[in-house]
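Asks:
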Amino acid sequence: MLYRNALEERRKTFHQIVHSFHIANVLKKSLFTIFLFLSFNCAFSLSTYAQSLTLDGNEASKINLKGQLSVYRDKSGLQTSQDIVELDSASFRSVPGNLAEGFTNDAVWVRFSISKTTTAARSIWWLDVSQPLLFNSLLYKKNQQGNLEPISALLNRSAIAEKFEYKKSIFEIKLEDDQTSTFYLRIQSRSAISTELFLWEPGEFVTATTINRFAWGSAYGICAIIIFFSVIFSIWTRRLIYLSYAGYITAFSMASLYAGAWPLQFQPNIPSNTFFFSLGFWVSLTPPLALLFSFSYLHPKERWPNYAYFATFISASISLIAIGLLIFNRFEIAMPLIQTVGIIGFTIAYLTAFVYSFKTNRNARVFLFAFSFFYVGACLRVLKNLGIVESNFATEYSYQFGTLIHMLVMTAAVFWGYVKTQREKSIAELKLQSERELRKDQNNFIAMISHELRNPLSIISASTENLMTEKTLSPEIRNRISKISRANQRLSQLVMDYLHHEEILDAAASLQLESCDLNLIVKEALQYFNDFVPAPIFHPNPGIAKAMIDVRMIKMVIFNLLTNAVRYSPNCAPVVTCQTLESWFEIVVFNEGSGIPEEDIPHIFKKFYRGANATGTSGSGLGLYLIEAIVSKHHGNMTARNIASRGCEFIVRLPLVVNASGANIQL
Numbered sequence: 011m012l013y014r015n016a017l018e019e020r021r022k023t024f025h026q027i028v029h030s031f032h033i034a035n036v037l038k039k040s041l042f043t044i045f046l047f048l049s050f051n052c053a054f055s056l057s058t059y060a061q062s063l064t065l066d067g068n069e070a071s072k073i074n075l076k077g078q079l080s081v082y083r084d085k086s087g088l089q090t091s092q093d094i095v096e097l098d099s100a101s102f103r104s105v106p107g108n109l110a111e112g113f114t115n116d117a118v119w120v121r122f123s124i125s126k127t128t129t130a131a132r133s134i135w136w137l138d139v140s141q142p143l144l145f146n147s148l149l150y151k152k153n154q155q156g157n158l159e160p161i162s163a164l165l166n167r168s169a170i171a172e173k174f175e176y177k178k179s180i181f182e183i184k185l186e187d188d189q190t191s192t193f194y195l196r197i198q199s200r201s202a203i204s205t206e207l208f209l210w211e212p213g214e215f216v217t218a219t220t221i222n223r224f225a226w227g228s229a230y231g232i233c234a235i236i237i238f239f240s241v242i243f244s245i246w247t248r249r250l251i252y253l254s255y256a257g258y259i260t261a262f263s264m265a266s267l268y269a270g271a272w273p274l275q276f277q278p279n280i281p282s283n284t285f286f287f288s289l290g291f292w293v294s295l296t297p298p299l300a301l302l303f304s305f306s307y308l309h310p311k312e313r314w315p316n317y318a319y320f321a322t323f324i325s326a327s328i329s330l331i332a333i334g335l336l337i338f339n340r341f342e343i344a345m346p347l348i349q350t351v352g353i354i355g356f357t358i359a360y361l362t363a364f365v366y367s368f369k370t371n372r373n374a375r376v377f378l379f380a381f382s383f384f385y386v387g388a389c390l391r392v393l394k395n396l397g398i399v400e401s402n403f404a405t406e407y408s409y410q411f412g413t414l415i416h417m418l419v420m421t422a423a424v425f426w427g428y429v430k431t432q433r434e435k436s437i438a439e440l441k442l443q444s445e446r447e448l449r450k451d452q453n454n455f456i457a458m459i460s461h462e463l464r465n466p467l468s469i470i471s472a473s474t475e476n477l478m479t480e481k482t483l484s485p486e487i488r489n490r491i492s493k494i495s496r497a498n499q500r501l502s503q504l505v506m507d508y509l510h511h512e513e514i515l516d517a518a519a520s521l522q523l524e525s526c527d528l529n530l531i532v533k534e535a536l537q538y539f540n541d542f543v544p545a546p547i548f549h550p551n552p553g554i555a556k557a558m559i560d561v562r563m564i565k566m567v568i569f570n571l572l573t574n575a576v577r578y579s580p581n582c583a584p585v586v587t588c589q590t591l592e593s594w595f596e597i598v599v600f601n602e603g604s605g606i607p608e609e610d611i612p613h614i615f616k617k618f619y620r621g622a623n624a625t626g627t628s629g630s631g632l633g634l635y636l637i638e639a640i641v642s643k644h645h646g647n648m649t650a651r652n653i654a655s656r657g658c659e660f661i662v663r664l665p666l667v668v669n670a671s672g673a674n675i676q677l
């Protein structure tokens, strides 16, 4: 019957495991479907975006003015077009590549000359300033009288302005036959003045811009989906990592949105101060949120507790400083500061993952792979903004591509990690349930065996006692019967000890905790030994020291330690000393004697282990095992050590109750 019940319980557990795996697989397939959708959308967006970039090789449709530019920097920002045209050629500095002036308050004047010969004989071209944040640029054409005539940007034309078709500075250029036309482009911006200048055939520009908007719209759609699911998972699981990931992607997406000047397409009348403050605000939030997510994912505080807090605190402090600079309209100072801090922060996170990758940390290796693309793109973007490298395909687009790849990989890793964690949690819970049921079956089996053993042992005990009353027994027979009686008593005691300790361990699994004065508990436990000669000596702790304990269990610990002391040193008085050490209450039980062999000390708390000096002394090897188990249940610890030439002492440490201010309750 018992076997049949156990088999039925195993069958139920097996079905629960199968059901758990089924739920985990459904969740995993759902996340995999979402990930495939995001990956397909991303791949399609990148392919269409790359298609628009291939127009760069078509000389008849798109011309890069790289190498044809010369620059003059007006430090006052007040010089007029007439002042500029009167400057000699030596005042303009030739630029060998694309424009890369970095963050500056200067008004940058860019001069270039073009003719029909250099533009495949087409008369009308659109000049495109590729950096979207340079939207206040002004273009002038030098006429035959030597004066500069302004050319209206396409965004300022009412027919197009109502549609808000383009976000960048676009100018229509008309070339005359057999003439070289000279143009002056005035750029003054709070953003980094690092850009490429292109001449577009109007129809091709419209096509490329349409593809560009579709690609970016898809990318921001992917970000929105990631943020939505991250927030849902954060609420569902109540875990910081998903909330930090949602915040990190939100800040990143908003910074990218403003860096591309996309809000101006929907609200073209946003004040310049408001726009650049919003851009700087989201950029400033990115480094601390990136570090918060990185450390939540890598868990460095398990090895370096203060490292993650310190790095995140420093990053957040500098971000607050940058936001303060933005409030006072110092965008040109705040952005280099926060971008430099961002690179340092990403480097810290990257190096942390690099170190962890050598410790077979799977999360660190995924992090390294995902952030490699993003890190390279971010570094190139910062170098471009600082004017160290020029604007080109790599510096302009590697950041966007790296960001999308990084987000997709990290999103997959974060949510797949959740599926794995849930599956492992389900398996662990089922294993624990199975172990409980197995222990229950084991206890039932032991109870049955003990019941069956008690009867024959009782019969043997009664029979030997009856035989010993016979007066006709010879001394030899009486001695043999006495041996049988002693062996029977020892076997009975062994069975009773084992059952008693198993019952106590079961009770210790669900402790009845209450706040008690440990001095008082130890004193009450010692009362059982007041009639012993010699009686135990007690040195209480001065004052009251409270701890959350199960009173019955702690008294049992003291009782068993004193019982062992009396058993192994019957002629010596055990000494019990109580004291507080920081957040611990320490109970030391000392007894004189030969002590414990040093080679036995590491093993004395193991189940059924008996030391070399225990030979000839009754015991089952369960007492110290039971004591250590009870102390561990109270989140304490227990050790034993020999005192040179005196004996040995057992040390029990229990955590004290701590009040709201963090101090131990000790009066």
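Using my numbering, you'd call the opening residue of the sequence shown number 11 and step up by one each time. All C-beta atoms, glycine included, are put in the ideal place defined by N, C-alpha and C.
From the DSSP output, in three-state form, read off L207 for me.
Replies: It is a strand residue.
Asks: Taking its Cβ as the centre, do 16 or more other Cβ atoms sit within 10 Å of M420, making it buried, or is it exposed?
Replies: Per the 10 Å Cβ criterion, buried.
Asks: Could you check which residue in I653, A438 and F379 has the C-alpha nearest to that of T413?
Replies: Nearest option by C-alpha distance: F379.
Asks: Answer with buried or exposed for A497, where buried requires no fewer than 16 other C-beta atoms within 10 angstroms of its C-beta.
Replies: So A497 ends up on the exposed side.
Asks: Report the start-end ranges of each alpha helix (DSSP H) in the stretch 203 to 270 that is 4 residues or longer and not cut off at the edges.
Replies: If we require 4 residues or more, the alpha helix (DSSP H) runs fully inside the stretch 203 to 270 come out as 212 to 247 and 250 to 269.
Asks: Report buried or exposed for H549, applying the criterion of at least 16 other Cβ atoms within 10 angstroms of its Cβ.
Replies: The residue in question, H549, is exposed, as its Cβ has fewer than 16 Cβ neighbours within 10 Å.
Asks: Could you pull the start and end residues of the alpha helix (DSSP H) that R562 belongs to?
Replies: V561 to Y578 is the span of the alpha helix (DSSP H), which, as asked, contains R562.
Asks: Could you give the distance in angstroms between the alpha-carbon of L97 and the alpha-carbon of I73?
Replies: If you take the alpha carbons of L97 and I73, they lie about 28 Å apart.
Asks: Is there a C-beta anywhere in chain D that falls below 8 Å from the one on I161?
Replies: Of the protein chains in the structure, only one exists, and it is not chain D.
Asks: Bridge partners of K151, per DSSP?
Replies: Its beta-bridge partners are E159 and F193.
Asks: Measuring only the C-alpha atoms, how far is I494 from C658?
Replies: Using only the alpha carbons, I get a separation of about 35 Å.
Asks: Under three-state DSSP, which class holds L41?
Replies: Caution applies to L41, whose pLDDT of 48 falls short of 50 and renders its modelled position unreliable; the model cannot decide the point.
Asks: Who are the Cβ neighbours of I398 in its own chain at under 8 Å, not counting the five residues just before and after it?
Replies: If we look at I398 and ignore the five residues flanking it on each side, its Cβ neighbours are A110 and G112.
Asks: Our contact map puts I559 next to H645 with C-beta atoms below 8 Å; I'd like the distance itself, whole angstroms only.
Replies: I559 to H645, Cβ: 10 Å. No contact.
Asks: Thinking C-beta only, is P297 closer than 8 Å to G257?
Replies: Contact: no.
Asks: Within 10 angstroms of the Cβ of I358, are there 16 or more other Cβ atoms? Answer buried if so, exposed if not.
Replies: Result: buried.
Asks: Which of helix, strand or coil does DSSP assign to E678?
Replies: Residue 678 is absent from the structure shown; the chain starts at 11 and stops at 677.
Asks: Compare the beta carbon distance of G290 and L347 with 8 Å and say whether it is the shorter of the two.
Replies: No; because the gap between Cβ atoms is not below 8 Å, this pair is not in contact.
Asks: Is T217 closer than 8 Å to S140 when the C-beta atoms are compared?
Replies: No. Outside cutoff.
Asks: Use the C-beta contact count for Q154: other C-beta atoms within 10 angstroms, 16 or more gives buried, fewer gives exposed.
Replies: Flag for Q154 reads exposed.
Asks: Could you tell me the distance, in whole angstroms, from the CA atom of T587 to the CA atom of T362?
Replies: Approximately 47 Å, taken between the alpha carbons.
Asks: Since E534 and K565 are thought to touch, with beta carbons under 8 Å apart, how far apart are those beta carbons, to the nearest angstrom?
Replies: Their Cβ separation, rounded to whole angstroms, is 7 Å, which keeps E534 and K565 in contact under 8 Å.
Asks: Output needed for M264: all residues of its chain with C-beta closer than 6 Å, excluding positions within five of it in sequence on either side, in chain order.
Replies: Once the five neighbours on either side are set aside, the close Cβ partners of M264 are W292.
Asks: Tell me the DSSP bridge mates of A117?
Replies: D84, per the DSSP bridge assignment.
Asks: So, is A269 buried or exposed, given that buried needs 16 or more other C-beta atoms within 10 angstroms?
Replies: A269 is buried by the Cβ-count criterion.
Asks: Is P142 a contact residue of the ligand HEM, with contact defined as CB to any heavy atom under 7 Å?
Replies: For the structure depicted, the ligand HEM is absent and the ligand set is empty, with no information on it obtainable.
Asks: V662 bridges to which residues according to DSSP?
Replies: BP columns for V662 point to I597 and M648.
Asks: Per DSSP, what kind of secondary structure is W136 in: helix, strand or coil?
Replies: Correct three-state label for W136: strand.
Asks: By Cβ distance, which residues of its chain are closer than 7 Å to S199, with the 5 residues on each side in sequence left out?
Replies: Counting only Cβ-Cβ distances below 7 Å, and skipping sequence neighbours, we find L143, L144 and N146.
Asks: Which residue from R248, S244 and I259 puts its Cα closest to that of A234?
Replies: Cα-wise, what sits closest to A234 is I259.
Asks: List the endpoints of the continuous beta strand (DSSP E) containing T590.
Replies: That run of the beta strand (DSSP E) goes V585 to L591.
Asks: Hey, A332 and S294 are a contact pair by Cβ (cut 8 Å); roughly how many whole angstroms apart?
Replies: About 4 Å; that satisfies the 8 Å criterion.
Asks: Where does G605 fall in DSSP's three states?
Replies: In the structure shown, G605 sits in coil (DSSP, three-state: anything other than H, G, I, E or B).
Asks: Buried or exposed: D541, going by 16 or more other Cβ atoms within 10 Å of its Cβ?
Replies: Burial call: exposed.
Asks: In this structure, how does DSSP classify R103 when only helix, strand and coil are distinguished?
Replies: Strand at R103.
Asks: Comparing C-alpha positions only, which one of H309, W272, F341 and L253 sits nearest to Y366?
Replies: Of H309, W272, F341 and L253, the residue nearest in Cα terms is H309.
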